[in-house]
Amino acid sequence: MAPVKTTDFVGLAVCENPHERLRILYTKSLDVLEQIPKNAAYRKYTKQITNKKLIIFSCHLILAQIISFSISC
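So in my numbering the end of the sequence shown lands on 73, straight run, no missing numbers.
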């Protein structure tokens, strides 16, 4: 796949490593949520959503590795 040169949004730069950036952002979000009281609904539901996104993201990376491995064989 050819590298993306533009996002087609004025002023929005193309991220060089979007997968790594997303992983960092999800992990940081989970770290920040630890500072919120455990019984807070916001913490509970935001943590659930972020964990689901992180799982989907991880599965996507694993699938991409499998596909790239099978193509190279």
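Glycine is no exception: its CB is placed at the ideal position from the N, C-alpha and C atoms.
Fill in: Rounded C-alpha distance that separates residue 66 from residue 40
Distance between the alpha carbons of residue 66 and residue 40 is about 39 Å.
Worksheet item: Distance, Cα to Cα, residue 55 vs residue 9?
Response: Cα to Cα, residue 55 sits roughly 28 Å from residue 9.
Worksheet item: Would you report the Cα separation of residue 45 and residue 16, rounded to the nearest angstrom?
Response: The alpha-carbon atoms of residue 45 and residue 16 are separated by roughly 31 Å.
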